[in-house]
Every structure is written in C-alpha cells, then in structure tokens.
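Right, one structure below, let's go through it.
Have a look at this one:
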C-alpha cells in the first residue's frame, strides 16, 4: 500500500502527537513544576508589556524568547493556564517534529515511505519525550526545533546551494547554542559532513559569517543582563569516577523519560520495553558501523559514519555532566532515530522492518498513555495552599521552597507574591515586593513551609495544609531569620 502524501503524513503524525498527550493534560494531577511556572510568568509579563524576557529569568543563557512568544500567543486565545503553557510547547515541538520528518524525506531522496512516517511517529511517541514534549523549561524546545530545521536545510539539495542558506545555518548554530547547546554535540558532525562535501569554499565562509552575526547580536542582547543562576554543568573530573554499568543504567533512566528533575520514577513495562529496544539499537549501530568499515573500507557510506558519530557524541558527553540531570540526554533520541532510519532505509526486507517498527509504535503509544497519571505531587496540594492563603488574605509569602514559590505565584495568577530565602533571585521585583510588605507590617504577610516545621512555631497561629505544608500568618523577623531568610 502506497503511503499518503507528505501533507497528510505529517498531519497524521501531529494529530497522534496531540491526542496522545491529551490524557495527561486532562488528568486530575496535571501540574506544572517550578521552572515551568517561571516560563508561564515570563510569557504573562511579556503579554502584559511588563517585560521583554529574552532568556530564562535570572540567567544569561537559556534563550527562551521563542517559547515565550508561543506561550503568550496561546494565552491570548485561551487565557493564562497550565494547559495553555503545555499546548504552546506541543506546538513548538510539533514544528521540530515536522522538520525531522522533512529531514528523513530528504535523506530518502525526496521519496515518501511508510518508514519515514513510522520513524517520525516513534519520535513523537518516544518515552523520553512523553512529558518533555509539553514541558516549558527555557530553550529546550527552541534547540529541538532549530536543530531539525538545520538538518533539513543541510540535506535539502535545492536550498543548501544558496549562500543565504549557509549564512542562516551559521545563525541557527548560534541560536541553538544560546538556547540549549547540548543539541550541538550531535548536530555539529552533520554540519561538518555537509560542508566537507562542498567543493565551494565560499559556503564555509558564509557559515562563519552567520556565526559572527549571531555572536555579535547576542553580545549586544546580553549586555547588563542578570546572571543570578550560573551553575557548572561540565566537569572533566567526573571521568575519574566513571563506571560503565552505572553509566548504562543512567542512560536507560534518561531514555525512559520517567523522572522529575534528578529523581527517577519507576516506569511501567511498556516504557521499559521501548527503552531497551533503543538501548539495543545503540549497540547494534556500533556493530553495523564496525562491519561497514571493515568490509567496505573505501566504499563505506560516509554519512552513516557521521550519523553514528552524532549518536556516540550525544551519549559521550553524559560522562562529563551530572548524570542525575536526565534531561541532558534529550537530544540523543532524535539523532538515534536519524541513524536508525538511514540504516534501515535500504534493507532488503523492508516490509518486515516496517511491520516490526509498527508494533513498536503501538507499544510506544501505550507507553505515552501510561504517563497519563505521571505526577510528583498532587495538583490539589499546590492549589490548596493558594486557596488557604487567599482565604486568610495572605498576599505576600516567604516560602521555604525554591521551586514552590513560583508555583504559588503562577497558580494564584500573581494574587500571591512569594520569595525564597536569599535577597536575590531570578525575578527581583518579587523579592522587593514581599520585603516592602513585611517592613510596612502589612497584615497580608505569611510564611509557607514544608511539614513538619523545622522552626519553633508554637507561638504562632499555624495552619496545616494536607499534612504537607504549613502556613504562618504575620511571621516575626526572628522567625524568618531563624528560618534562613535574608531580610537586608
């Protein structure tokens, strides 16, 4: 049976992408985390004309303006909400997925096939992206979309001959670097491959021109920008503690997509099955490339080598970053599927391959469905804190949770302004607002913390919320300073 045309093919994959996430977004425990709350507030401030948030608040990296544009656009249609935030991210992910499909189409010499449709569907339903396809974390979706826009431009013979395309590729590299540079590790080998094959040296010069334009533009954009949060991500010292079995285990956990920040959440069987298949694909690709080099030598397909290097590099850098930051391995999935497609597109028994991959699609679909109740905390726990605070007319909160503070602000639609312990944070106006309320003895000041209280709250009127949080109204300076809150 002939596959449908490109438009219908892409449409079918995108419909499946959105439908598969609907169960999660309409679940009772659907909740956005602290970092997503920051993104949601950034988009709201942009829509209100209060801020022009180019980067994730408090950072001079994590270019997030593209995400802000998408979120604020959805806000303008359906209002400020967690659902709107997730829909916006799915739309941006869908754009990247479309360019991934078009890249496969170019690699297949502009011939549509069921293999292209199925491999694109596998990316849409990959466990590693089950939750992350909807997660707003500043730069990740921009890097995803721009990376596959770049691969499409690289392999589209009708456009990659043009000088402007090479300049644009250079500019995209800078945008990806500023958004989330982890994608460049897998992307750069493909860029190198394409421009090594060009006999016209001017193409390389044009790429450098694009790099320079982007570099200068971001120097200007970053001038005077806050760098409150600037963690060390890469550490070569981690190589001295390298353990192969631990490394394989961490890669597996990352590909399951079943984690919250650095905490792994045990996935269901379907997710484990799909993940082990991908782990096996990595091992088989090593064998395949080794056989290619040994048996064919000079006739070895060079692109297969560069795609393989792309995958290996996308795994290798995980040895020098925090392996509990599972999200750092998100780029691997797309580059692995590119390699799988390129290796499978010319196999003799293509019908059998398509049949096997179709079964994998169904298992992957159930895997995504199994994330429908994925939660690290019940949504009602957060909203109940907001409700109790509002009933007690608490509008300014000192919060013991560095991420919880943002959720309280977002879910209260900024009727509650919260701050953490330090005198500086990602968005300074919030700290200044809470401090001003405290020093003018505003009766709407409160302290929110985790149960059980680590402070002596016996002298205060304490409200316990769902046995997880407590609220103290009108806390004293002594109580706050004992709790580690800096007031001056």
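Numbering (this note's numbering), first residue to last: 247 to 734.
Idealized CB from N, CA, C, for every residue including glycine.
From a predicted model like this one, the values you see are computed outputs, not experimental measurements.
- Burial of residue 452 is indicated by the presence of at least 16 other C-beta atoms within 10 angstroms of its C-beta.
- Taking the Cα positions, residue 278 is about 44 Å away from residue 442.
- Pairing residue 412 with residue 342 gives a Cβ-Cβ distance that is not under 8 Å.
- With distances taken between CA atoms, residue 320 lies nearest to 336 out of 612, 301, 336, 613.
- The closest CA to that of residue 367, considering only 580, 618, 685, 680, is found on 580.
- Excluding the 5 residues flanking it on each side, residue 636 has same chain C-beta neighbours closer than 8 Å at 658, 661, 662, in chain order.
- By the criterion of at least three beta-carbon pairs nearer than 8 Å, the region 401-418 is not in contact with the region 511-518.
- Close CB contacts of residue 523 within its chain, under the 8 Å cut and outside five residues either way in sequence, are with 606 (chain order).
- Contact between residue 668 and residue 732 is confirmed by a C-beta separation of about 6 Å, below the 8 Å threshold.
- Taking 8 Å as the cut-off, the Cβ atoms of residue 355 and residue 398 do not count as close.
- Counting only the Cα atoms, residue 558 lies some 30 Å from residue 615.
- Under DSSP, residue 708 forms a beta bridge with 718.
- Unbroken beta strand (DSSP E) runs of no fewer than 3 residues, entirely contained in the region 318-373, are not found.
- Residue range 663-665 is occupied by the beta strand (DSSP E) that includes residue 664.
- For residue 654, the enclosing alpha helix (DSSP H) starts and ends at 650-657.
- For the set 260, 381, 251, the Cα lying nearest the Cα of residue 284 is the one of 381.
- Spanning the alpha carbons of residue 271 and residue 258 requires a straight line of approximately 20 Å.
- Within the region 264-313, the complete alpha helix (DSSP H) segments of 4 residues or longer fall at 280-294, listed in chain order.
- Taken through DSSP and simplified to helix, strand or coil, residue 510 comes out as strand.
- Beta-bridge analysis with DSSP links residue 645 to 694.
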